[in-house]
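Enquirer: Take a look at the following structure, please.
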Amino acid sequence: MSAEGGTKAIVAALLANTGIAISKFVAAGITGSASMLAEGVHSVADASNQVLLLIGGKASRKAASPAHPFGYGRERYIYAFIVSIVLFSIGGVYALYEGWHKLQDTEHGLTTPLVAVVVLVIAIVLESFSLRTAVKESNAVRGKQSWVQFIKGSRSPELPVILLEDIGALVGLILALLGVGLTWITHNALFDALGTMSIGVLLVCIAIVLAIEIRSMLIGESATHEDIAAIEGAITEDGKSSLIHLKTLHVGPDELLVAAKVGIDRSETGEQVAAEIDAAEARIRAAVPKAKLIYIEPDIRRTDAPSTKGTDEPSAESADA
Numbered sequence: 270m271s272a273e274g275g276t277k278a279i280v281a282a283l284l285a286n287t288g289i290a291i292s293k294f295v296a297a298g299i300t301g302s303a304s305m306l307a308e309g310v311h312s313v314a315d316a317s318n319q320v321l322l323l324i325g326g327k328a329s330r331k332a333a334s335p336a337h338p339f340g341y342g343r344e345r346y347i348y349a350f351i352v353s354i355v356l357f358s359i360g361g362v363y364a365l366y367e368g369w370h371k372l373q374d375t376e377h378g379l380t381t382p383l384v385a386v387v388v389l390v391i392a393i394v395l396e397s398f399s400l401r402t403a404v405k406e407s408n409a410v411r412g413k414q415s416w417v418q419f420i421k422g423s424r425s426p427e428l429p430v431i432l433l434e435d436i437g438a439l440v441g442l443i444l445a446l447l448g449v450g451l452t453w454i455t456h457n458a459l460f461d462a463l464g465t466m467s468i469g470v471l472l473v474c475i476a477i478v479l480a481i482e483i484r485s486m487l488i489g490e491s492a493t494h495e496d497i498a499a500i501e502g503a504i505t506e507d508g509k510s511s512l513i514h515l516k517t518l519h520v521g522p523d524e525l526l527v528a529a530k531v532g533i534d535r536s537e538t539g540e541q542v543a544a545e546i547d548a549a550e551a552r553i554r555a556a557v558p559k560a561k562l563i564y565i566e567p568d569i570r571r572t573d574a575p576s577t578k579g580t581d582e583p584s585a586e587s588a589d590a
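Under the numbering used here, read the sequence shown as residues 270 to 590, first letter to last.
This is how it looks when you write it as structure tokens:
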């Protein structure tokens, strides 16, 4: 659901930003507004972001190979990281540069500012529809989490990127509208320059937030608390196996690696142990479908030692099967 919803939100944002970018550059050429030019570059960066996210989504679906036995799921993280670091930063730095350049020459006002105002208002309406799509698709997967929790805890990069991108676009448009409007009213181009620099600061801040979140995904994040609880319950559900410790890792947004050590009774035969492991794997996959890679290590249960679930110290004798 998250991949399908993310793709839908990406396509909606791409269509909106492509049309908006064209109209902004036309308006910037007519009016000479630095805010409009910065917003045009912003929209081009946004549209490029969405193309990169689509490329990353397609690349992540490649089949596993001998060189990459766990598949290519992290391609989505890599492309999202490029979005956060390169394109957002380029858009932000360019806006800061353009605003600073405009500050050095505030004597020249705007030509036909009404054109810029009309384009910005239309762009705000279009971006609102794009944000509405992103919010709708995010609501389908975020459950009872707050928006901050959803962005920080999501294991799928596309929806958080699009959400922050659309929010940044709306705020940037409002800042540009204020800059152009105040310049039109006061005939002072200082406001246009300040609006442009404000857009740059906004984009750089969004880039930093996204870089921090996606960096964590690239390093490797565990399953969510809900998924971990479901996996633990699935392992111990039969009442025969006790969980010594459990490790989980997202090898992609929709692929989870599960490694567990379980305690078994000394009297069990190899055939019984194999059957219990197979049954535990089936229960884990039923409880958490994204658990595609499961490795369970059996160990002799020692009843006189406490469980060390979640640590690397086994509470079992050194008798690995």
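No residue lacks a Cβ here, since even glycine has one placed at the ideal position from N, Cα and C. Note that the coordinates shown come from a computational prediction; the quantities given were computed from them, not determined experimentally.
Please name the residue, chosen from A307, S292 and L322, that lies closest to I483 on a Cα-to-Cα basis.
Expert: Taking only the C-alpha atoms, the option nearest I483 is L322.
Enquirer: Mind listing, in chain order, the continuous alpha helix (DSSP H) runs of no fewer than 4 residues lying wholly within the segment 512 to 537?
Expert: You should have found no qualifying run.
Enquirer: Just to confirm, is the Cβ distance from T380 to G301 under 8 Å?
Expert: Their beta carbons are under 8 Å apart, which means T380 touches G301 by this criterion.
Enquirer: Along the chain, where does the alpha helix (DSSP H) containing P567 start, and where does it finish?
Expert: Element bounds for P567: not the alpha helix (DSSP H) but the beta strand (DSSP E), A560 to R570.
Enquirer: In this structure, does DSSP put Q414 in helix, strand or coil?
Expert: Residue state, collapsed to three classes: coil.
Enquirer: Indicate whether G342 and V310 have their beta-carbon atoms separated by less than 8 Å.
Expert: It is not a contact, given that the beta carbons lie outside the stated cut-off.
Enquirer: If you compare alpha carbons, which of L433, A409, N457 and E367 is closest to S397?
Expert: Comparing Cα-Cα distances from S397 to each of L433, A409, N457 and E367, the minimum goes to L433.
Enquirer: Pairs of beta-carbons, one from the segment 497 to 516 and one from the segment 551 to 571, closer than 8 Å: are there three or more?
Expert: Judged by Cβ distances under 8 Å, the segment 497 to 516 makes contact with the segment 551 to 571, as three or more pairs qualify.
Enquirer: Nearest-angstrom Cα distance between F339 and I393?
Expert: When rounded, the distance between both Cα atoms is 42 Å.
Enquirer: Would you kindly work out how many angstroms separate the C-alpha atoms of A548 and L356, rounded to a whole number?
Expert: Taking the straight line from one Cα to the other gives about 47 Å.
Enquirer: Grouping DSSP H, G and I as helix and E and B as strand, with all else coil, what is A462?
Expert: Looking at A462 - three-state DSSP - the assignment turns out to be helix.
Enquirer: Following the continuous alpha helix (DSSP H) through F357, name the residue where it begins and the one where it ends.
Expert: Residues F357 to L372.
Enquirer: Give every residue of the same chain whose Cβ lies closer than 6 Å to the Cβ of L526, excluding the five residues on either side of it in the sequence, and list them in chain order.
Expert: Counting only Cβ-Cβ distances below 6 Å, and skipping sequence neighbours, we find L518, V520 and L562.
Enquirer: Sort G422, V390, L428 and A290 by Cα distance to D449 and report the nearest one.
Expert: It should be pointed out that residue 449 corresponds to Val in this sequence rather than to Asp. When each option's Cα is compared against that of V449, the closest is V390.
Enquirer: In three-state terms, what does DSSP make of I289?
Expert: I289 falls in the helix class under three-state DSSP.
Enquirer: Between the alpha carbons of Y564 and K530, how many angstroms are there, rounded?
Expert: Cα-Cα distance, rounded: 9 Å.
Enquirer: Going by C-alpha to C-alpha distance, which of E537, S353, I533 and M305 sits closest to E427?
Expert: E427 has its Cα closest to that of S353, out of E537, S353, I533 and M305.
Enquirer: Contact between the segment 405 to 421 and the segment 442 to 456: three or more CB pairs below 8 Å?
Expert: No, the segment 405 to 421 is not in contact with the segment 442 to 456.
Enquirer: If distances are taken between C-alpha atoms only, which option among P429, K331 and N457 comes closest to L372?
Expert: It is N457 whose Cα lies nearest to the Cα of L372.
Enquirer: To which residues of the same chain is E582 closer than 7 Å at the C-beta, ignoring the five residues directly before and after it?
Expert: Low confidence applies to E582: its pLDDT is 46, below 50, so where it sits in the model is not reliable, and the reading given next is rough at best. Hits under 7 Å: none found.
Enquirer: Could you check whether A307 and A229 sit closer than 8 Å to each other, using their CB atoms as the reference points?
Expert: In the structure as shown, the chain begins at 270 and stops at 590. Residue 229 is therefore absent and cannot be evaluated.
Enquirer: Looking only at its own chain, which residues have a Cβ that is under 8 Å from the Cβ of V404, when we skip the five neighbours before and after it?
Expert: Excluding sequence neighbours, V404 sits near L432.
Enquirer: Would E344 and S358 qualify as a contact pair, given that the criterion is a beta-carbon distance under 8 Å?
Expert: No.
Enquirer: Which residues in the same chain as I475 place their Cβ atom closer than 7 Å to its Cβ, once the five residues preceding and following it in sequence are excluded?
Expert: The answer, listed in chain order, is F357, L433 and G437.
Enquirer: Would you mind stating whether G532 and D496 have Cβ atoms separated by less than 8 Å?
Expert: Against a cut-off of 8 Å, the Cβ pair of D496 and G532 comes out as no contact.
Enquirer: Just tell me which of S536, T493, L487 and E545 has its CA closest to the CA of L512.
Expert: For L512, the nearest C-alpha among the options comes from E545.
Enquirer: Indicate the three-state DSSP secondary structure (helix, strand or coil) for L284 in the structure shown.
Expert: DSSP places L284 in helix when its eight states are reduced to three.
Enquirer: Give the straight-line distance between the Cα atoms of I291 and L459, rounded to the nearest whole angstrom.
Expert: Taking the straight line joining both Cα atoms gives about 25 Å.
Enquirer: Does the separation of the CB atoms of P558 and R424 fall below 8 Å?
Expert: For P558 and R424, no; Cβs fall outside 8 Å.
Enquirer: May I have the straight-line CA-CA distance separating G579 from E524, to the nearest angstrom?
Expert: For G579, the predicted structure reports a pLDDT of 48, less than 50, and the residue's modelled location is therefore unreliable. The matter cannot be settled from this model.
Enquirer: I need the DSSP call for E506, collapsed to helix, strand or coil.
Expert: Residue state, collapsed to three classes: coil.
Enquirer: Which residue comes first and which comes last in the alpha helix (DSSP H) that contains F350?
Expert: E344 to I351 is the span of the alpha helix (DSSP H), which, as asked, contains F350.
Enquirer: Looking at I324: is its Cβ nearer than 8 Å to the Cβ of Y348?
Expert: For I324 and Y348, yes; Cβs fall inside 8 Å.
Enquirer: Can you tell me the Cα-Cα spacing of W453 and N408, whole angstroms?
Expert: So the two alpha carbons sit approximately 40 Å from each other.
Enquirer: Would you call D435 buried or exposed, if buried means 16 or more other Cβ atoms sit within 10 Å of its Cβ?
Expert: The residue in question, D435, is buried, as its Cβ has 16 or more Cβ neighbours within 10 Å.
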